[in-house]
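Step one of this worksheet: look at the structure below.
Residue numbers (the numbering used here), protein chains in the order written: chain A, 1 to 112; chain B, 1 to 114.
The following block contains the structure:
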């Protein structure tokens with residue numbers, strides 16, 4: 001069965017711009033979580049959506065937001081980009097019931 | 001103090017060696033434990049998932065959980081050069097305010113040389 005699909009794979013943006021990343025979970029999975037991965041901080045939790053509702057949020061500023069659609073696909077938006085937002089953004093898909101989480105290949109965002 | 005501590009390595013072993021990777025944690029609410037493997041420029045790949053103390057085996061991989069000591073391990077037998085990657089431990093509690101949130105260790109960089 002198809003895995004977790006993230007698009008685009010690579011992005012280069014300028015400071016101050018905004019960006020939208022997309023994640024399509026495994027068929028039948030209703031939970032999508034987003035993470036930021038950097039060399040210094042490792043993997044940090046951004047937020048989780050389940051059946052179109054945000055159930056949990058990490059310690060990131062309000063510039064980071066997300067949403068989930070009725071087909072479980074999720075988008076993440078970062079507004080007013082800063083250099084420090086350069087990172088690998090990963091989404092994870094699960095059934096949402098304390099089961100395994102499967103990751104996509106990530107979107108590598110570079111802010112210049 | 002981080003909730004999950006993992007020795008970042010790097011760890012370098014010869015092909016065929018047994019590798020031991022470890023994580024300790026401080027949050028006693030953690031109930032679910034995972035090990036991921038991440039190759040350079042790729043997303044983490046789930047290797048093992050367990051929720052009880054004891055051992056779980058899958059091929060060359062064995063995951064061990066000791067909830068009383070707040071300590072988990074991953075053993076790789078007969079290591080291969082293709083096992084060279086970063087290994088991440090991750091854990092979560094049973095829901096409530098922590099839905100969908102995995103807390104990760106910093107990752108251990110493993111190199112298996114022929």
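Backbone N, C-alpha and C define an ideal beta-carbon position, used for all residues, glycine too.
Under 8 Å between C-beta atoms of residue i and residue j
i                    : j                     : result
residue 33 (chain A) : residue 91 (chain A)  : yes
residue 65 (chain B) : residue 84 (chain B)  : no
residue 15 (chain B) : residue 106 (chain B) : no
residue 75 (chain B) : residue 4 (chain B)   : no
residue 56 (chain A) : residue 100 (chain B) : yes
residue 8 (chain B)  : residue 103 (chain A) : no
residue 42 (chain B) : residue 105 (chain A) : yes
Own chain, CB closer than 6 Å to residue i, minus 5 neighbours either side, in chain order
i                    : result
residue 67 (chain A) : 75
residue 77 (chain B) : 18 and 60
residue 26 (chain B) : 3
residue 38 (chain A) : 87
Rounded straight-line distance, which links the Cα of residue j to that of residue i
i                     : j                    : result
residue 100 (chain A) : residue 61 (chain B) : 17 Å
residue 24 (chain B)  : residue 6 (chain B)  : 7 Å
residue 23 (chain A)  : residue 94 (chain A) : 13 Å
residue 3 (chain A)   : residue 27 (chain A) : 8 Å
residue 89 (chain A)  : residue 69 (chain B) : 33 Å
Top-ranked residue by Cα proximity to residue i, from the options
i                     : options                    : result
residue 47 (chain B)  : B:33, B:54, B:41 and B:40  : B:33
residue 10 (chain A)  : A:2, A:19 and A:63         : A:19
residue 102 (chain B) : B:31, B:90, B:45 and B:29  : B:90
residue 36 (chain A)  : A:61, A:94, A:96 and A:98  : A:61
residue 63 (chain A)  : A:81, A:53, A:38 and A:47  : A:81
residue 65 (chain A)  : A:6, A:78 and A:71         : A:78
residue 69 (chain A)  : A:17, A:7 and A:25         : A:25
residue 98 (chain B)  : A:86, A:108, A:89 and A:58 : A:58
residue 92 (chain B)  : B:67, B:108 and B:86       : B:67
residue 5 (chain A)   : A:47, A:41, A:85 and A:29  : A:29
Same chain, Cβ closer than 8 Å to residue i, neighbours up to 5 away in sequence not counted
i                    : result
residue 13 (chain B) : 19, 79, 110, 111, 112 and 113
residue 14 (chain A) : 81, 111 and 112
* **Near-chain B residues of the stretch 95 to 110 of chain A - C-beta to any C-beta below 9 Å** => For the stretch 95 to 110 of chain A, residues whose beta-carbon sits nearer than 9 Å to a beta-carbon of chain B comprise 96, 97, 98, 99, 100, 101, 102, 103, 104, 105, 106 and 108.
* To do: For the stretch 64 to 96 of chain A, enumerate the residues whose C-beta is nearer than 9 Å to any C-beta of chain B, in chain order.
  => Those would be 88, 90, 91, 92, 94 and 96, in chain order.
* Contact residues within the stretch 3 to 23 of chain B, judged by C-beta distance below 7 Å to chain A -> So the list is empty, because no residue satisfies the distance condition.
* Asked: Using Cβ-Cβ distances below 8 Å, what residues of the stretch 31 to 47 of chain B are close to chain A?
  -> Answer in chain order: 31, 32, 34, 36, 41, 42, 43, 44, 45 and 46.
* To do: Mind checking the stretch 14 to 45 of chain A against chain B and listing, in chain order, the residues whose C-beta falls within less than 7 Å of any C-beta there?
  => Legend: CB atoms of the stretch 14 to 45 of chain A lying less than 7 Å from CB atoms of chain B belong to residues 31, 33, 42, 43 and 45.
* Give the residues from the stretch 47 to 71 of chain B that approach chain A closer than 9 Å (Cβ to any Cβ), ordered along the chain. => Listed in sequence order: 49 and 51.
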